Amino acid sequence: MPNLALETHQLRKVYSGAPQAAVEALDLSVPEGAVFGFLGPNGAGKTTTIGMLLGNVRPTSGSATVLGKPIGDRNTRRSIGYLPEKFQFHEFLTGTEFLDLHGRLYGLDAATRKARIPEALERVGLGEKAKTPLKAFSKGMQQRAGLAQAVLHKPRLVILDEPTSALDPLGRRIVRELIVSLKEEGTTVVLNSHLLSEVETTCDFVAIIRRGRVVKQGTLAELTAQPASVVIELEGI
Ligand code: ATP
Numbered sequence: 001m002p003n004l005a006l007e008t009h010q011l012r013k014v015y016s017g018a019p020q021a022a023v024e025a026l027d028l029s030v031p032e033g034a035v036f037g038f039l040g041p042n043g044a045g046k047t048t049t050i051g052m053l054l055g056n057v058r059p060t061s062g063s064a065t066v067l068g069k070p071i072g073d074r075n076t077r078r079s080i081g082y083l084p085e086k087f088q089f090h091e092f093l094t095g096t097e098f099l100d101l102h103g104r105l106y107g108l109d110a111a112t113r114k115a116r117i118p119e120a121l122e123r124v125g126l127g128e129k130a131k132t133p134l135k136a137f138s139k140g141m142q143q144r145a146g147l148a149q150a151v152l153h154k155p156r157l158v159i160l161d162e163p164t165s166a167l168d169p170l171g172r173r174i175v176r177e178l179i180v181s182l183k184e185e186g187t188t189v190v191l192n193s194h195l196l197s198e199v200e201t202t203c204d205f206v207a208i209i210r211r212g213r214v215v216k217q218g219t220l221a222e223l224t225a226q227p228a229s230v231v232i233e234l235e236g237i
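Counting from 1, one number per residue, gives the positions in the sequence shown under UniProt numbering.
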């Protein structure tokens, strides 16, 4: 049995005052080193699930482990890279200063930050933007800067919440290539998306979530080899 990067048991979240659960009876298991696609329409419960895995959203019931530790473990948090769906940018910082700030938050020493920052900017196609303030970045460039901070500290697990929402085809290709290279390095990747085309090119495993419930989970080949209803379900996303 491979080690599991993520495992959830009957994870559930009901926001206070909500008529129904945002996430219901979630059982996921993602092996270490896999690229996992969490696929579902807007409001399906993907971001809530990520919030619970990161320890930012308290589950109503159920349990989960992330990199072998219960959710919310402080040391584990440093082994995770995270690109939120909506990133807060400090617009007056340059590309380098922005990554330097994140490097400090992740506990990287000065020499490591100096070596890794240009590398991370290159990785997302922003090598030329080291000295440019973020306020002069396009939305897509800002999203790529967000990706650079998510990989800067070489985390074991990278969680990307809708990473290509602001990106043009070049930006989407950069994200695809980044995911492939993370996988080659043995990093586990969780990719939240509502685009089947995005997960089918990069993911080893996929879970489809609708109204808080996982309706299918497996390799994309397994899911698409199933009866037409499953394919329709996939294509309907
Ligand atoms: P999207 O792609 O639109 O972000 P999602 O699949 O990530 O969708 P969630 O953001 O997890 O879905 O939302 C799941 C449900 O929980 C939705 O009905 C949403 O309105 C609700 N919800 C999310 N956050 C909160 C909150 N803080 N308080 C109350 N309800 C919330």
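A virtual CB, placed ideally from N, CA and C, is assigned to each residue, including glycine.
All figures in this text were calculated on a predicted structure; none of them were measured in a lab.
- prompt: Taking Cβ to Cβ, would you say L54 is nearer than 9 angstroms to I80?
  reply: yes
- request: Could you give the DSSP three-state label for Q149: helix, strand or coil?
  value: Q149 falls in the helix class under three-state DSSP.
task: Within the same chain, show all residues whose beta-carbon is closer than 6 angstroms to that of Q10, passing over the 5 residues directly before and after it, in chain order.
output: A25, G62
- prompt: Between the Cα of V66 and the Cα atoms of E128, A150, I174, V158, which residue gives the shortest distance?
  reply: Checking every option, the nearest Cα to that of V66 belongs to V158.
- request: Please state whether DSSP places K69 in a helix, a strand or coil.
  value: K69 falls in the strand class under three-state DSSP.
query: What are the start and end residues of the alpha helix (DSSP H) that includes G103?
result: 95-105
- prompt: Under a Cβ-count criterion, where at least 16 other Cβ atoms within 10 Å of its own Cβ denotes burial, should D161 be classed as buried or exposed?
  reply: Looking at its Cβ environment, which holds 16 or more other Cβ atoms inside 10 Å, D161 is buried.
field: Cα-Cα separation, L99 to A225
entry: Here the C-alpha atom of L99 lies approximately 43 angstroms from the C-alpha atom of A225.
- request: Note down the Cα distance separating A18 from G127, rounded to an integer number of angstroms.
  value: 45 angstroms
message: If I measure Cβ to Cβ from K139 and keep anything under 6 angstroms in the same chain, skipping five residues before and after, which residues do I get?
response: A166
message: Between which two residues does the beta strand (DSSP E) holding P118 run?
response: Premise fails: P118 lies in the alpha helix (DSSP H), 110-123, not in any beta strand (DSSP E).
- prompt: Helix, strand or coil: how does DSSP classify P169 here?
  reply: helix
- request: Since I believe E91 is in contact with P133 (beta carbons under 8 angstroms), could you give me their beta-carbon distance rounded to a whole number of angstroms?
  value: 7 angstroms
- prompt: Under a Cβ-count criterion, where at least 16 other Cβ atoms within 10 Å of its own Cβ denotes burial, should G40 be classed as buried or exposed?
  reply: buried
Length of the line joining the Cα atoms of A221 and S181: 22 angstroms
message: Between A64 and E119, how many whole angstroms is the CB-CB distance? I'm expecting something under 8 angstroms.
response: With a Cβ gap of about 32 angstroms, A64 and E119 do not count as contacting.
- prompt: When burial is assigned at 16 or more other CB atoms within 10 Å of the CB, is L105 buried or exposed?
  reply: exposed
task: Tell me whether the beta-carbon of A44 lies closer than 9 angstroms to the beta-carbon of G212.
output: yes
message: My assumption, with CB atoms under 8 angstroms, is that A21 sits in contact with T188. Please give the rounded CB distance.
response: That pair is no contact at about 26 angstroms.
- prompt: What are the partner residues of F36, as DSSP defines its beta bridges?
  reply: V190, F205
Euclidean distance between Cα positions of T112 and I50: 28 angstroms
- prompt: Say the cut is 8 angstroms; is the CB of T49 nearer than that to a heavy atom of the ligand ATP?
  reply: yes
task: Look at the alpha carbon of T164 and the alpha carbon of T60, and state the distance between them as a whole number of angstroms.
output: 30 angstroms
message: For R173 and K154, I'd like the C-alpha separation in whole angstroms.
response: C-alpha separation (whole angstroms): 21 angstroms.
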